[in-house]
Each structure stands twice: as C-alpha cells, then as structure tokens.
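Each residue of the sequence shown is one higher than the last, beginning at 106 in our numbering.
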Amino acid sequence: MNHPVPLAAGTPTRVNAVLLRVPAGFPSPAQDSFDDGRIDLNDVLIRDVTSTFILRVTGDSMQGVGIYDGDEVLVDRSLTPRDGDVVIAVVDGDFTIKTLRLHPEKVVLHPENPAYPDVVVGGLSELVVWGVVVHSIRHIRPAGRPA
106 MNHPVPLAAG
116 TPTRVNAVLL
126 RVPAGFPSPA
136 QDSFDDGRID
146 LNDVLIRDVT
156 STFILRVTGD
166 SMQGVGIYDG
176 DEVLVDRSLT
186 PRDGDVVIAV
196 VDGDFTIKTL
206 RLHPEKVVLH
216 PENPAYPDVV
226 VGGLSELVVW
236 GVVVHSIRHI
246 RPAGRPA
C-alpha cells in the first residue's frame, strides 16, 4: 500500500452535476431530479479536510466489500474506529486495509475475501488503527485507455 498523501486544502474541487436517481434494476418512467448545477466533492465526500487522506489499494483481500486492487480509498483519521469499520491499520510497521473486529479477548483484522486468513493481533504485535475508510473510488474505465 502506498504511503498516505493528504488531500489538498483550500481550492474546492467542483464538478458538473446533474443529480438524477438512476435505477440499477428496472428503468423507471418517473425521474426524481435534483438541482442541476455544480457540486463540491469536498462537501460530499470529506468531513474534515485536515484529517482526510487518499490511499491506493493493492491486492484483493477486500473484494467482499467492493474494494478492489487499484481503487483509491478516502480515509478519515479523526474518526474513532468501531467494530465493523473498514480501517487502515499498521501491524508491526506494515500498512493493511481490513475490517476491524473487536472481541473482548482479542482484536481481529478481517479480510473480506475467503482466500485470506484473519489477522489476529496478539500480545507481541503492535497495532495502530491509522484511520477509518469512509469512501472508496472504483475505477470503471481502465486507465490508459484512449479517449
């Protein structure tokens, strides 16, 4: 996993927005529409810009929650991690992304792919929950493809 890079503070990132509800099942003849215009992605995706970082994921251990190799995740370091959160953890100096499972007698970092074992954090291991994943960015169109 790449080292975290802070998001740039200051200039808003604005994109064109035509916010319609788009059915993923059967098409609906009735379209609920929102205000047309522009939205600031900082307002939509980021709660605390000074504590939010973006990291690129490598590997397939989190496919079960829709996070794939090459995706980026937005991580908020100001949030207190809770049981069931997807987190960026540092175990014995190595970064990883896993689902946090808190048990009375142990802490487990659970991969969301059955091909990988749980990481049970033992007494001799050092665990730091670096931040809580709040969004993932899934790339639908492969990079490097001609426009």
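For glycine and all other residues, C-beta sits at the position ideal for the given N, C-alpha and C.
Small disclaimer: the values here were computed from a predicted structure and weren't measured.
Distance between K203 and D165 (C-alpha atoms, nearest Å): Start at 1 with the first residue of the sequence shown, and residue 165 comes out as number 60. Start at 1 with the first residue of the sequence shown, and residue 203 comes out as number 98. Cα to Cα, the separation comes out at about 11 Å.
Beta-carbon gap between H240 and L150 smaller than 8 Å: In the sequence shown, residue 240 corresponds to position 135, counting from 1. In the sequence shown, residue 150 corresponds to position 45, counting from 1. Their beta carbons are under 8 Å apart, which means H240 touches L150 by this criterion.
Outcome for P247 when other beta-carbon atoms lying within 10 angstroms are tallied against a minimum of 16: Against the sequence shown, residue 247 aligns to sequence position 142. Exposed, because fewer than 16 other Cβ atoms sit within 10 Å of the Cβ of P247.
Pairwise C-alpha distance: V180 and S156: By one-based count along the sequence shown, residue 156 stands at place 51. By one-based count along the sequence shown, residue 180 stands at place 75. Each residue's Cα considered, the two are about 8 Å apart.
Extent of the continuous beta strand (DSSP E) run through T181: Position 76 of the sequence shown, counted from the start, is the residue given in the question as residue 181. A quick correction: the sequence has Asp, not Thr, at residue 181. 177-181 is the span of the beta strand (DSSP E), which, as asked, contains D181.
The ligand SAM heavy atom lying under 7 Å from the CB of D153: Looking at this structure, you won't find the ligand SAM or any other ligand, since it has none at all.
Identity of the residues DSSP links to G236 by a beta bridge: Position 131 of the sequence shown, counting from 1, holds the residue named residue 236. According to DSSP, G236 bridges with I193.
Which listed residue (E210, Q168, R243, V237) has its alpha carbon closest to that of R152: Within the sequence shown, residue 152 is the residue found at index 47, counting from 1. The residue with the shortest Cα to Cα distance from R152 is V237.
Strand pairing of S166, partner residues [DSSP]: To locate residue 166, count along the sequence shown from 1; it is residue 61. The partner list for S166 (beta bridge, DSSP) is empty, contrary to what the question assumes.
Residues that DSSP places opposite S241 in a beta bridge: Position 136 of the sequence shown, counted from the start, is the residue given in the question as residue 241. Note: S241 sits in a beta bridge opposite V178.
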